[in-house]
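In my numbering, the protein residues as written are 37 to 113.
Below is one structure, written out as structure tokens, with a few remarks after it.
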Amino acid sequence: MDTYNLTLSAASGEFGDALSALQGLCGNVIPDSEGPQPDEDGRPLIRFRVEGAAPPLIDDFKRNYSDAIVSFEEVQE
């Protein structure tokens, strides 16, 4: 199981579905304590730490919710 840093666009129509799907796939989805932060266009972005994720499930998640995902990076520990 791997750990990732994920940023989702809260302005995306897929945001709620993406977050629900992610919570079903992973052991822990931890929101950034700073809360939503605007990008350069003023759209709200929310950052998460995703723990306990199986890479094949993450690949499906990234494919299914690409409109909501701003960045998704594996944490190298």
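Beta carbons: idealized from backbone N, C-alpha and C, even for Gly.
Predicted model, so just to flag it, every value in this text is computed and none were measured.
Is the Cβ-Cβ distance between Phe-84 and Leu-58 less than 9 Å? Translated into positions along the sequence shown, residue 84 becomes position 48. Translated into positions along the sequence shown, residue 58 becomes position 22. Contact: yes.
Just how far apart, CA to CA, sit Pro-72 and Ser-45? In the sequence shown, the residue the question calls residue 72 occupies position 36. In the sequence shown, the residue the question calls residue 45 occupies position 9. Cα-Cα distance, rounded: 9 Å.
Count the other CB atoms within 10 Å of the CB of Ala-104; is the residue buried (16 or more) or exposed (fewer)? Residue numbering aside, residue 104 sits at position 68 when the sequence shown is read from its first letter. Ala-104 comes out buried.
Within 10 Å of its beta-carbon, does Ala-90 have 16 or more other beta-carbons around it, so buried, or fewer, so exposed? As a position in the sequence shown, residue 90 is number 54, starting the count at 1. Counting Cβ neighbours within 10 Å, Ala-90 comes out exposed, since fewer than 16 surround it.
In the DSSP assignment, find the beta strand (DSSP E) that holds Gly-88 and state where it starts and stops. Taking the first residue of the sequence shown as position 1, residue 88 is located at position 52. Run containing Gly-88: 80–89, per the beta strand (DSSP E) assignment.
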